[in-house]
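Under the working numbering, think of the first position of the sequence shown as 22, with each following residue one higher.
Okay, so here's the structure we're looking at.
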Amino acid sequence: MLRLRFAPSPTGYLHVGGARTALYNWLLARRHGGSFILRIEDTDLTRSTEEAIEAIIEDMRWLTLDWDEGPEAGGSHWPYRQTGRNALYHNAARRLLSEDRAYRCFCAPEELAERRLGAAEAGESPMYDRRCREIKLANAEQLEKEGKPFALRFRVPDGETVLHDVLRGTITFQNQEIEDFVLLRSDGTPTYNLAVVVDDADMEITDVVRGDDHLPNTPKQILLYLALDARPPAFAHLPMIVGEDGKPLSKRHGDVAVGRFRDMGFLPQAMLNFLALLGWSLDDSTTIIDIETLIANFALERVGSKPSVWDDEKLLWMNSQYLMALTDEELAQSILPFFIREGIIPADDKEGLKTLIKASPLIRERIKLLADAVPLLAFLFKDVGIKDDSLGLLKGDESSRILKGAGKRLLELGDFRSEEIEKTLRAMADEFGLSPRKAFQPLRVAIAGSKISPPLFESMELLGRDRTLQRIARAIDIGGE
């Protein structure tokens, strides 16, 4: 059975590149009936935070990428945070030391930095020069007894290390080009390479799918698997996601945290669809692909070898397509949190949700983000005032005539439904010799506070007769000032 994992480091928020990696692992697990594991790699104690861990879990839940083992889910390989697994790392390190596959390095950080600088200036490799590698065991043990700080380094063997990458084919690394890397720092904390190998072996991970920025670590990890008599997993290193400038996607391209896209009003299903297509394709032409189709068809064989370019406009378009496919109730439920966030609708206001359900058809094709609904529909719940760029449409004799004429006719209208409102106001426009656009603009500003609004007649029906007439009366007063 396939066992795949996503192992973010909580030194910051979940990056969209990490989200794509999580999605690809999740899709493979779901397609093949395997297990998807979430593991928090928090060995960087100076930068890891509880807030970041909580945010990563929240983002994963928003993306609907559920996990079979991990935080909040449990599992037989508990705990799923590296800070709780130190005993495993130290046991592995002690074993490697006892088998002479590791050695104590007493070089101080300052010495190492100075040597690297000297090597760089001389045009040589800045790799560790292995000077502690040949210290006799008895001497090393004596230095340890004397309290001299040391790190534990892996003794890289001679020869070569071969990686059979699912996406890249066979890659051969010459071991002489791999430095004796640190396993345990002088304070006893494990390094990434030791922790990830011990964890993947213990959790029986069969496949590791990750970004190609991890490729330099892979030969070191293969060497560790072999030294610990563990079978290396199958590896697949995904091409990077880049900006339009061809550089790896980062903060220089804007905020690329998953939470930002959630807060802007992207739908998770649109985000998953977009992320899936950053490297993979169904048939080289289909762009809108639901999650069931993704699960049924995802395969690494259709992941390309070139970096994928992040395209904000394509993501925005894709989100609009998913928005248009929602039912009225689904759209209302999706936009409700944004009205609550802005303090426009109380969290427990059931009537507010009912109004949004009725209003959803009016805005579905006008929005690209869930947050776009707020400025369009806020007028239904509170007096939003008149926008400065729309005030002029209330001024003048003609605007006054339109507003007063509409107020009188709507007051006398027996059936205050949008169809009857439209008939009445179109008849008024004909009577006044005005085009509908000319006649309805002052009314639109009066009702919604802006010359841009949802359909006028339906908006009036949702507001109701009393509030509609109140806003027209207010607009008459403003126009006369």
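Idealized CB from N, CA, C, for every residue including glycine.
Around the beta carbon of Glu132, fewer than 16 other beta carbons lie within 10 angstroms, which makes this residue exposed. Sequence-distant partners of Leu398 (beyond 5 residues in either direction) whose C-beta falls short of 6 Å from its own C-beta, in its chain, are Ala380. The criterion of a C-beta distance shorter than 8 Å is satisfied by Asp220 and Arg106. Taking C-beta atoms as the reference points, Leu288 and Gly38 fail to come closer than 8 Å. In chain order, Trp301, Ser302, Leu303 place their CB closer than 8 Å to the CB of Arg323, counting only its own chain and leaving out the 5 sequence neighbours on each side. In the three-state reduction of the DSSP assignment, His111 falls in the helix class, which pools H, G and I. Distance between Gly267 and Arg176, taken at the CA atoms: about 38 Å.
According to DSSP, Tyr124 shares a beta bridge with Arg174.
Nearest to Ser306 by C-alpha distance, out of Gln462, Leu298, Gln197, is Leu298. Rounded to the nearest whole angstrom, the CA to CA distance from Gln290 to Gly280 is 14 Å. Arg174 places its beta carbon less than 8 Å from that of Leu204. Burial of Met449 is indicated by the presence of at least 16 other C-beta atoms within 10 angstroms of its C-beta. Segment contact: the region 431-439 against the region 363-378, fewer than three CB-CB distances shorter than 8 Å; contact not assigned.
Note on His36: 16 or more other CB atoms within 10 angstroms of its CB, so buried under the neighbour-count rule.
Cβ neighbours of Phe27 within its own chain (closer than 7 Å, five residues either side excluded): Thr42, Ala43, Asn46, Leu59. Taking the Cβ atoms as the reference, Thr64 lies roughly 7 Å from Thr104, within the contact range of under 8 Å. With fewer than three CB-CB distances shorter than 8 Å, the region 400-413 does not count as touching the region 438-445. With contacts defined as CB atoms closer than 8 Å, Leu25 and Ala50 qualify as a contacting pair. The C-beta distance from Ile497 to Ser411 rounds to 15 Å, too long to meet the 8 Å contact threshold. In the DSSP assignment, Gln163 falls within the alpha helix (DSSP H) that extends over 158-166.
Segment contact: the region 205-217 against the region 251-268, fewer than three CB-CB distances shorter than 8 Å; contact not assigned. Ranked by how close their Cα comes to the Cα of Ala76, the residues Asp89, Ile61, Thr67 have Ile61 in first place. As DSSP reads the structure, Gly232 sits in a beta bridge with Leu259. Looking at the DSSP output, Pro211 shares a beta bridge with Leu205. Under a 10 Å Cβ-count criterion, Gly454 is classified as exposed, with fewer than 16 other Cβ atoms of the shown protein chains found around its own Cβ. When C-alpha distances from Glu419 are compared across Gln242, Met22, Lys459, Glu71, the shortest belongs to Lys459.
When C-alpha distances from Ala467 are compared across Val395, Cys153, Leu415, Val330, the shortest belongs to Leu415.
Comparing alpha carbon positions, the residue from Pro476, Ile199, Ile192 closest to Arg385 is Pro476. In this structure His185 does not touch Thr193 by the C-beta definition: roughly 10 Å separates them, more than the 8 Å allowed.
Classified as exposed, Ile309 has fewer than 16 neighbouring CB atoms from the shown chains inside 10 Å of its CB. With distances taken between CA atoms, Gly426 lies nearest to Glu452 out of Lys166, Leu86, Gly413, Glu452. Ala278 is positioned such that its CB atom lies no closer than 8 Å to that of Tyr110.
In this chain, the beta strand (DSSP E) harbouring Ile58 covers 56-59. With respect to the 8 Å criterion, Gly428 and Leu377 are not classified as neighbours on the basis of their beta carbons.
Distance between Pro29 and Arg486, taken at the CA atoms: about 55 Å. The C-beta distance from Asp234 to Ala255 rounds to 19 Å, too long to fall under 8 Å, and the pair is not in contact.
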